[in-house]
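Residue numbers (the working numbering): 29 to 313. From the three backbone atoms N, C-alpha and C, an ideal C-beta is built for every residue, glycine too. Note that the structure is predicted; figures quoted are calculated from it, not measured. Notes to accompany the following structure.
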């Protein structure tokens, strides 16, 4: 009998330990999901980038936050790009993008979401989407017409860009390495977790893309290990025309700028791509 009880006890322990570990992982993910999704950094950022004339500005949101943004006006007869960055990015990390826009004579407004850089507040889906709308309205307040605004997002920023484009008019929407939704990305990395039940911040691109009525270009690298290439393809299939999909062979999540994606962007919006300055060393964005 004693031996039998020991076997039962060992069996219970053997079953209980994996279950406890599994639920510990679930609790850890649920508690830390905002940190995993946003990865924001509160740091001072100075727009001291050679060849650029960036204005470091502040934008007030409708819910009272103050958002840091970098702005360089467009040259005559050139559009302005409203750019939304990825989840672990600072404004200065996108300097290769700004250099390409500057070289093309295209203006740009790049914002640091609430809780990032020198922006106030704490990041959340609702808050960041509100930041995107505030940035768009700031451009309109500068008397930039919607037909001269290009909405552009990378990674997490495609969620903001798609939201803004679903509500506001613009010349085009450029999505770089987009996703179907935040839970869909999480499920690709953590297929053993009940993601749909756990995630608060969802960024449902797949539920918003059909509301976008402007020309759309989606670019995605086949070597992307962060957001599956298949999600970019699937989102494209859901979108309205006119639209174009650019498959970047072997490009990873953070190498599309280096690999020439902006030449595709410029052609799509009707500009002739200008050669990038040969004396500038091009790195990842």
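| Residue interval of the beta strand (DSSP E) (run including residue 276) | The residue given as residue 276 occupies position 248 in the chain shown. Here the beta strand (DSSP E) through residue 276 covers 271–276.
| task | Could you tell me how far apart the beta carbons of residue 225 and residue 246 are, in whole angstroms, since I believe they sit closer than 8 angstroms? | result | Taking the chain shown and counting its residues from 1, the one referred to as residue 225 is at position 197. Taking the chain shown and counting its residues from 1, the one referred to as residue 246 is at position 218. Approximately 29 angstroms separates the beta-carbon atoms of residue 225 and residue 246; this is outside 8 angstroms, ruling out the contact.
| request: Would you kindly check if the distance between the Cβ of residue 157 and the Cβ of residue 126 is under 7 angstroms? | output: Taking the chain shown and counting its residues from 1, the one referred to as residue 126 is at position 98. Taking the chain shown and counting its residues from 1, the one referred to as residue 157 is at position 129. No; because the gap between Cβ atoms is not below 7 angstroms, this pair is not in contact.
| query | For residue 102, which of helix, strand or coil comes out of DSSP? | reply | Within the chain shown, numbered from 1, the residue matching residue 102 stands at position 74. Residue 102: coil per DSSP, three-state reduction.
| Residue ranges of each beta strand (DSSP E) run of no fewer than 3 residues wholly in the segment 156–197, ordered along the chain? | For the segment 156–197, the continuous beta strand (DSSP E) assignments of 3+ residues that do not extend past its boundaries occur at 177–182, in sequence order.
| message | I need the DSSP call for residue 135, collapsed to helix, strand or coil. | response | Locating residue 135 in the chain shown gives position 107, counting from the first residue. In the three-state reduction of the DSSP assignment, residue 135 falls in the strand class.
| said: What does the Cβ neighbour count give for residue 69, buried or exposed, with the cut at 16 atoms within 10 Å? | reply: Taking the first residue of the chain shown as position 1, residue 69 is located at position 41. The Cβ neighbour count for residue 69, taken over all protein chains shown within 10 Å, is under 16; the residue is labelled exposed.
| task | Rank 223, 138, 209 by C-alpha distance to the C-alpha of residue 234 and give the top, closest one. | result | On the chain shown, position 206 is the one that residue 234 refers to. Checked all of 223, 138, 209; the closest Cα to residue 234 is 209.
| query | Assuming residue 141 and residue 147 make a contact with CB atoms under 8 angstroms, what is their CB distance in whole Å? | reply | Locating residue 141 in the chain shown gives position 113, where the first residue counts as 1. Locating residue 147 in the chain shown gives position 119, where the first residue counts as 1. Taking the Cβ atoms as the reference, residue 141 lies roughly 6 angstroms from residue 147, within the contact range of under 8 angstroms.
| query | Taking just the CA atoms, how far does residue 76 sit from residue 308? | reply | Taking the chain shown and counting its residues from 1, one reaches residue 308 at position 280. Taking the chain shown and counting its residues from 1, one reaches residue 76 at position 48. With a pLDDT of 30 at residue 308, under the threshold of 50, the modelled position of that residue is not reliable, and the figure given next carries that caveat. The straight-line gap from Cα to Cα measures roughly 16 angstroms.
| said: Let's see if you can read the secondary structure: which residues bound the alpha helix (DSSP H) around residue 13? | reply: Nothing can be reported for residue 13, as the shown portion of the chain is limited to 29 through 313.
| Nearest neighbour of residue 290, chosen from 229, 111, 261, 184 [CA to CA] | The residue you call residue 290 lines up with position 262 of the chain shown. Restricting attention to 229, 111, 261, 184, the CA atom closest to the CA of residue 290 is found in 111.
| field | Other residues of its chain near residue 175: CB distance less than 7 angstroms, five sequence neighbours each side excluded | value | Walking along the chain shown from the start, residue 175 turns up at place 147. The answer, listed in chain order, is 199.
| query | The alpha helix (DSSP H) with residue 259 in it runs from where to where? | reply | As a working note, residue 259 is residue 231 in the chain shown. Taken as a continuous stretch (DSSP letters only), the alpha helix (DSSP H) holding residue 259 covers 257–266.
| query | From what residue to what residue does the alpha helix (DSSP H) around residue 289 run? | reply | By one-based count along the chain shown, residue 289 stands at place 261. Taken as a continuous stretch (DSSP letters only), the alpha helix (DSSP H) holding residue 289 covers 289–296.
| task | Check the DSSP bridge columns for residue 61 and list the partner residues they point to. | result | Residue mapping note: residue 61 aligns to position 33 of the chain shown, counting from 1. DSSP lists no partner for residue 61.
| request: Return helix, strand or coil for residue 207, following the three-state DSSP convention. | output: Position 179 of the chain shown, counting from 1, holds the residue named residue 207. Of the three classes helix, strand and coil, the one that applies to residue 207 here is coil, per DSSP.
| request: From the DSSP output, in three-state form, read off residue 109 for me. | output: In the chain shown, the residue the question calls residue 109 occupies position 81. Under the three-state reduction of DSSP, residue 109 is assigned to strand.
| field | Selection from 270, 253, 256, 120 that minimises the alpha carbon distance to residue 78 | value | As a first step, residue 78 is located in the chain shown; it is residue number 50 there, counting from the start. When each option's Cα is compared against that of residue 78, the closest is 120.
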